[in-house]
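If you're matching positions, the sequence shown starts at 26 in the numbering used here and goes up one per residue. Heads up, the thing below is written out as structure tokens.
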Amino acid sequence: MRSFVYDQPARRVIFAAGALDRLAEEIARAGYRRVLMLSTPGQRFAAEAARALADVLAGTCDIAAMHVPIETVHVARARAREAGADSLLAIGGGSTIGLAKAIALERELPIVAVPTTYAGSEMTPIYGISEGGVKKTGRDSRVLPRIVLYDPRLTLSLPAAVSGPSGMNAVAHAVEALYAHDANPVITLLSVESIRALSRALPIVVRTPGDVDARTEALYGAWLAGISLGAVGMALHHRLCHVLGGSFNLPHAEVHTVVLPHVVSFNRDAAPEAMRMIADALGATDAARGLYDLARQMGAPASLQEISMPYEGLDGVATIVASSPPYNPRAIDVEGVRALLESAYRGTRP
Ligand SMILES: NC(=O)c1ccc[n+]([C@@H]2O[C@H](COP(=O)([O-])OP(=O)(O)OC[C@H]3O[C@@H](n4cnc5c(N)ncnc54)[C@H](O)[C@@H]3O)[C@@H](O)[C@H]2O)c1
């Protein structure tokens with residue numbers, strides 16, 4: 026067995042259909058008395074959470090937006106200051122949790138997260154803020170949520186067309202954790218279990234969005250994927266998606282969905298053990314084709330072309346990624362990445 030470092034900060038997770046009903050109790054247990062609640066505009070759960078918090082709700086801020094624009098960060102930080110907040114409640118997807126992280130980065134307020142998608146941000150110390158079309162990301166332990174309530178009930182309203190790609194975004198975290206440079210046996214176990222749970226649940230979720238059992242299993246898989254993302258380093262897939270999404274404002278989860286099978290195919294011969302684990306977890310004979318087929322089963326976008334990536338942008342993306350390559354099991358060069366992007370653009374089965 027290879028040597029490893031396992032360094033997981035402790036945090037509290039409540040996972041239950043109906044977990045939101047325990048929000049007030051958890052806030053009281055933690056001793057928070059002035060909670061600023063963050064959400065996207067018009068979130069139904071936010072109203073439910075606000076009622077539950079009653080007199081410890083110090084204010085609300087429903088301006089969360091994709092990729093955490095700096096303008097929203099300025100407003101939300103001011104709101105936290107004015108409200109005299111001693112804690113933040115983020116109820117929503119990665120964008121809402123990202124906004125809470127951006128406040129915590131400056132004001133060191135503890136975050137309570139109630140995720141309503143499968144993105145996984147609630148389990149990571151990773152933050153991102155967009156400014157002038159560029160998204161800067163970093164790691165800081167101050168932004169890691171202290172308490173996370175997973176309530177599958179809240180995901181029932183996530184439309185099928187959002188659920189599939191959001192789930193594939195989670196699968197991508199687990200996949201890259203399996204060939205991470207700092208992989209460790211605990212995270213490997215969680216990642217395999219994550220892929221197994223998500224690949225079993227997501228096709229049912231997309232077919233029957235109101236199926237609570239499938240929603241529960243998908244959220245469980247997303248939790249494990251989030252832990253993996255936060256615990257070990259990601260590789261070519263995450264870098265490529267970051268550059269593609271950031272440079273061309275492409276939808277985050279859809280980019281992950283389209284690109285993943287092609288990166289896995291690129292890495293096929295360089296990470297045979299990871300490939301075997303991914304394929305087994307998917308119940309497929311080949312990891313890359315298994316991932317491609319899973320996305321097709323869900324009717325998710327198959328190509329970069331479909332999600333409005335301009336073809337003439339592919340060369341530039343390949344050059345950017347190859348000029349400062351992340352760790353990856355297979356060496357990264359412009360030609361290899363360009364060929365991978367060509368397949369992803371066309372959406373061919375790897
Ligand atoms: N820092 C990290 O570790 C990390 C990890 C994953 C993703 N992210 C970031 O998160 C963002 C993407 O997050 P996302 O994919 O969760 O999307 P999102 O948070 O942008 O949500 C997408 C849309 O779905 C709506 N929505 C969310 N939950 C819903 C529900 N249950 N029912 C109905 N509508 C719902 C939201 O209001 C929003 O309009 C990206 O900016 C990405 O970079 C960060």
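Built from N, CA and C at the ideal position, the CB exists for glycine as well. Note that the structure is predicted; figures quoted are calculated from it, not measured.
In this structure, the beta-carbon distance from V200 to V289 falls below 8 Å. Just so you know, the alpha carbons of A77 and E298 end up roughly 47 Å apart. If the five residues before and after P135 are omitted, its C-beta is found closer than 6 Å to the C-beta atoms of S112, R171, all from its own chain and listed in chain order. Using a Cβ-Cβ distance cut-off of 8 Å, the segment 255 to 275 and the segment 226 to 235 are not in contact, since fewer than three pairs of beta carbons, one from each stretch, lie closer than that value. According to the DSSP assignment, T85 belongs to the beta strand (DSSP E) that extends over 82 to 86. A direct Cα-Cα distance of roughly 7 Å separates T65 from G117. Less than 8 Å divides the Cβ of Y175 from the Cβ of A44. Distance from the C-beta of A278 to the nearest heavy atom of ligand 1 is below 7 Å.
Contact check between the segment 133 to 150 and the segment 189 to 198: three or more CB pairs, one atom from each, fall below 8 Å, which counts as touching. Only buried fits L227, as 16 or more other CB atoms lie within 10 angstroms of its CB. Residue burial is scored here from C-beta neighbours: H287 has at least 16 other C-beta atoms within 10 angstroms and is therefore classed as buried. Y317: member of the alpha helix (DSSP H) spanning 312 to 322, first to last residue.
Rounded to the nearest angstrom, the Cβ distance from N274 to F29 is 38 Å, too far for a contact under 8 Å.
The residue among H263, G153, A72, G189 with its C-alpha nearest the C-alpha of Y204 is H263.
Taken atom to atom, the span from the alpha-carbon of G123 to that of R301 is near 33 Å. In the structure shown, Y31 adopts coil according to DSSP, grouped into three states.
For G153, the enclosing beta strand (DSSP E) stretches over residues 151 to 156. I52 and L316 have their C-alpha atoms some 39 Å from each other. Not a single heavy atom of ligand 1 lies less than 7 Å from the C-beta of A77. Taking 8 Å as the cut-off, the beta carbon of V237 is found closer than this to the beta carbon of P177. If you check the CB distance, P326 and E279 come in under 8 Å.
Not one heavy atom of ligand 1 sits closer than 7 Å to the Cβ of Y175. The three-state reading of DSSP puts L113 in strand, counting E and B together.
By a beta-carbon distance limit of 8 Å, R374 contacts R314. Their separation comes to about 6 Å.
In this structure, L48 sits away from A71, with a CB-CB distance that is not shorter than 8 Å. Of the candidates R132, G109, P94, P94 places its Cα closest to the Cα of T121. The residue from A364, V173, M334, A129 with its alpha-carbon nearest to that of A247 is V173. The C-beta distance from L265 to V284 rounds to 6 Å, short enough to fall under 8 Å.
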